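The block underneath contains the structure these notes are about, expressed in C-alpha cells.
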Amino acid sequence: MPMWESLGLKLDHTEEVESEGVTTAHIKVGGYEIELLEPMGKDTPVGKFVDKKGPGIHHLALEVDDIEQSLAKAKKNGLEPIGEAPRPGADNTLVAFFHPKDTGGVLLEIVQCE
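Going by the working numbering, the sequence shown opens with residue 2, and the numbers climb by one from there.
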C-alpha cells in the first residue's frame, strides 16, 4: 500500500475471499477501482502465480451487466471459461475467468456487480 499512498490514493476497503484464497484491497480512482490481491498462502492460485512470475499484474477485470449472457456469448465466440459456472467474488459479485491462451496472454475476469 505505501506505493499507492505515495501517489495520493487511499484504501477504500479490504476483504478476504476465502474461496479464491486471497485478501483484496480496493482503491477507488475516479470512476474506476484498482483491486490488489494478496495470496492467503503459497498453495493458492495467486500464491502460485507470485511464486512463478513474481509480483505484478495478475489479471484484467471487466464489469458486465449479465454474467450468464456474457459467458454464453464468449463461449459462442470460442473463448473457454475456467470453470463451468460463475462463482462468488469480492464485494458480493459473481465472477468468471477466461484462460490467457484465448485472451492475448492475459487472464481475463468478467464481473457482475449486484
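Just so you know, even glycine gets a beta-carbon here, dropped at the ideal spot from N, CA and C. These numbers come from a predicted model, not from an experiment.
- Task: Below 7 Å CB to CB, which residues in the same chain sit around P40 once its five sequence neighbours on both sides are set aside?
- Result: If you ignore the 5 residues before and after P40, its C-beta comes within less than 7 Å of the C-beta of G22, V23, V47, G48, V51, all in its own chain and listed in chain order.
- Query: So, D103 versus L80, is the Cβ gap smaller than 8 Å?
  - Reply: In contact: D103 and L80 (Cβ atoms closer than 8 Å).
- Identify which residue in P89, E16, I28 has its Cα closest to the Cα of E6. The candidate whose alpha carbon is nearest that of E6 is I28.
- Query: Exposed or buried, what is L109 when buried is set at 16 or more other beta-carbons lying within 10 Å of its beta-carbon?
  - Reply: Classification of L109: buried, given that the 10 Å Cβ count is 16 or more.
- Message: Using C-beta distances below 7 Å, list every residue in its chain close to G90, excluding the 5 sequence neighbours before and after it, in chain order.
- Response: Closer than 7 Å at Cβ, skipping near neighbours: V18, V96, V112.
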